[in-house]
Amino acid sequence: MAIKFYLKNPKEKETAIYARFSYGTPQKVNGKLKYDYLKYYISKSINPEFWNTRTSKARETNKFPQHPEFNERLRMISNDIESVLLQFENAGITPTKKQLKTALDKLIKPDKTPIESNEIDIKRLGFVDYLQHLIDTATLKNSTIRAYKVVKNNLIEYQDKNNVYLTFQNVDIDFYNSFLKFLEHKNFGVNTIGARIKVVKTVLNNANDRGIDVCQDYKKKSFKKVTEESENVYLSESELDEIYNLKDLPNYLDKVRDLFLIGCYTGLRFSDLTRLKKDFITIDNTISIKTQKTGKNVEIPIHSRVSEILKKYNYELPKPISNQNFNEYIKEVAKLADFDEKITKQYTRGGKLVNQTTEKYNLISSHTARRSFATNAFLADVPTLAIMQITGHKTESAFMKYIKMSAKDNAIKLKSHKFFNHLSIAK
Numbered sequence: 001m002a003i004k005f006y007l008k009n010p011k012e013k014e015t016a017i018y019a020r021f022s023y024g025t026p027q028k029v030n031g032k033l034k035y036d037y038l039k040y041y042i043s044k045s046i047n048p049e050f051w052n053t054r055t056s057k058a059r060e061t062n063k064f065p066q067h068p069e070f071n072e073r074l075r076m077i078s079n080d081i082e083s084v085l086l087q088f089e090n091a092g093i094t095p096t097k098k099q100l101k102t103a104l105d106k107l108i109k110p111d112k113t114p115i116e117s118n119e120i121d122i123k124r125l126g127f128v129d130y131l132q133h134l135i136d137t138a139t140l141k142n143s144t145i146r147a148y149k150v151v152k153n154n155l156i157e158y159q160d161k162n163n164v165y166l167t168f169q170n171v172d173i174d175f176y177n178s179f180l181k182f183l184e185h186k187n188f189g190v191n192t193i194g195a196r197i198k199v200v201k202t203v204l205n206n207a208n209d210r211g212i213d214v215c216q217d218y219k220k221k222s223f224k225k226v227t228e229e230s231e232n233v234y235l236s237e238s239e240l241d242e243i244y245n246l247k248d249l250p251n252y253l254d255k256v257r258d259l260f261l262i263g264c265y266t267g268l269r270f271s272d273l274t275r276l277k278k279d280f281i282t283i284d285n286t287i288s289i290k291t292q293k294t295g296k297n298v299e300i301p302i303h304s305r306v307s308e309i310l311k312k313y314n315y316e317l318p319k320p321i322s323n324q325n326f327n328e329y330i331k332e333v334a335k336l337a338d339f340d341e342k343i344t345k346q347y348t349r350g351g352k353l354v355n356q357t358t359e360k361y362n363l364i365s366s367h368t369a370r371r372s373f374a375t376n377a378f379l380a381d382v383p384t385l386a387i388m389q390i391t392g393h394k395t396e397s398a399f400m401k402y403i404k405m406s407a408k409d410n411a412i413k414l415k416s417h418k419f420f421n422h423l424s425i426a427k
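Quick note on numbering: this note's numbering labels position 175 of the sequence shown as 175, and the sequence is numbered without any gaps.
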């Protein structure tokens, strides 16, 4: 019986280790002996750079100075596995996988309470290992998993650079300030850094809720997700008319244009737009849909142009494409509509203020449709709270930050107010 250790994800910057070995009495299948094998996670992880696949041990290198203790622990675990297997053999028992894992847990992870036979002791994990545990076990969207993996790699790099091992006690306000500077030096933008901090806070909150002893600094106002207002654009009613009136578009752009316009007149996110079908149309001529992101039901009156587009496709919209391709194609549509006004974006990258000028069509994306809906509805005097019921904004202040009104739009809206219509001209 050979006990070998393997890496779960050799391409990751840090990955869990598991032991694999045969157990029980082999069965003869088609003239060959067939063994049962167990994959058993040992609650240890390593950077694959320091792993020797041939020997199933850590490499003996100065870059990984703890290799003697690490390999000694692997040797002890291997001995423990042999001991457990021998106990079952001497008792004449062929264990099930669950029985074997439970017996191994008692010897190798004595402080562990096995809710599931392969569950690790989360209270013993470091911060990065706990994040990996969430990636492996939690029910998460693919986009969330991708975000978590990016942050995990950032944290591993941070640990290596600062020669520190992150725990739930030292992820404090000092770490926060240091990690911000680390991300700035990587030339990230403020909102990208904010997204990384948001994941860190989410993980800390998750661990805190599960009874892990977490430093409470993350609840301080100073331990915040940093943000800055980005230069997001919207399309006015007249600009939507221009897109609507474009003729002789290639088929792929025609479909993207139509889906974009539905978004501009419904406020639905791209993930919900691509699910639209006849079943969501009510007898009251509204769209009733449970949104994918929030799980909330929204009901939206059907604009005449939306009705026209739905009829064009017999209420079966074209097969969805990826958001990435959609964003690329809608820029082509906007360019054909001559949305070439120069717009200067101002943002912070690597701690420095950057000015970048580009044509408006380069700033159009799937989300522009939703922002255009909210802004145009507000300018048309649709009650703010009614719009928020569709967009999902919880506060009016958040909604007002979301919409994009130019100074000219604001002046036009003010002109129609009775306050300005009743002013007498001073002579």
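Note that beta-carbon positions come from the ideal geometry of N, C-alpha and C, so glycine has one too.
Just so we're clear, the structure is a prediction, and the values are computed from it rather than from any experiment.
CB contact flag (residue i, residue j, <9 Å)
i, j, result
"I300", "I289", "yes"
"S365", "I403", "no"
"L353", "Y361", "no"
"F223", "K201", "yes"
"N208", "V199", "no"
"T357", "D409", "no"
"Y234", "T368", "yes"
"E359", "I343", "yes"
"A16", "K34", "no"
"L86", "L38", "no"
"I262", "L317", "yes"
"N79", "A58", "no"
"D258", "K312", "yes"
"K4", "S56", "yes"
"D172", "K97", "no"
"V256", "I193", "no"
"F399", "M388", "yes"
"E14", "Q132", "yes"
"F188", "R349", "yes"
"N285", "S307", "yes"
"I122", "I46", "no"
"L363", "N232", "yes"
"L249", "C264", "no"
Reduced DSSP category for residue i - H, G, I as helix; E, B as strand; rest coil
i, result
"A2", "coil"
"P68", "helix"
"T113", "In this prediction, T113 has a pLDDT of 42, which is less than 50 and means its spatial position is unreliable; what the coordinates show is noted afterwards. Three-state result, T113: coil."
"E119", "Caution applies to E119, whose pLDDT of 46 falls short of 50 and renders its modelled position unreliable; the value that the coordinates give is listed next. Three-state result, E119: coil."
"R257", "helix"
"L235", "coil"
"L7", "strand"
"I262", "helix"
"N52", "strand"
"K418", "helix"
"A411", "helix"
"I403", "coil"
"K220", "coil"
"I300", "strand"
"E242", "helix"
"A58", "strand"
"N170", "coil"
"E12", "coil"
"A398", "helix"
Start-to-end residues for the beta strand (DSSP E) that takes in residue i
i, result
"Y35", "K32 to I46"
"N355", "K352 to E359"
"Y347", "K342 to R349"
"Y18", "T15 to V29"
Supposed close pair residue i, residue j - CB separation, criterion 8 Å
i, j, result
"K293", "R275", "Between R275 and K293 the Cβ distance is about 12 Å, and since that is not below 8 Å, they are no contact."
"I432", "I42", "An answer regarding residue 432 cannot be provided, because it is not within the stretch 1 to 427 covered by the chain."
"L140", "L155", "At roughly 17 Å, the Cβ-Cβ gap does not stay under 8 Å, so L140 and L155 are not in contact."
"R370", "G267", "5 Å"
"A337", "L253", "That belief does not hold up - the Cβ atoms of A337 and L253 are roughly 11 Å apart, past 8 Å."
"Y244", "R305", "7 Å"
"V128", "Q159", "7 Å"
"I197", "K161", "About 18 Å; that fails the 8 Å criterion."
"E184", "G392", "About 32 Å; that fails the 8 Å criterion."
Segment limits, alpha helix (DSSP H) that includes residue i
i, result
"T102", "K97 to I108"
"F373", "S366 to L379"
"R196", "V190 to D209"
"T144", "N142 to N162"
"A386", "T384 to T391"
"S178", "I173 to H185"
"D129", "F127 to T137"
- [ ] For the stretch 267–298, list the beta strand (DSSP E) runs that are entirely contained and at least 3 residues long, ordered along the chain.
- [x] 286–290
- [ ] Would you list, in sequence order, the uninterrupted alpha helix (DSSP H) runs of no fewer than 4 residues that lie entirely inside the stretch 302–340?
- [x] 304–312 and 323–336
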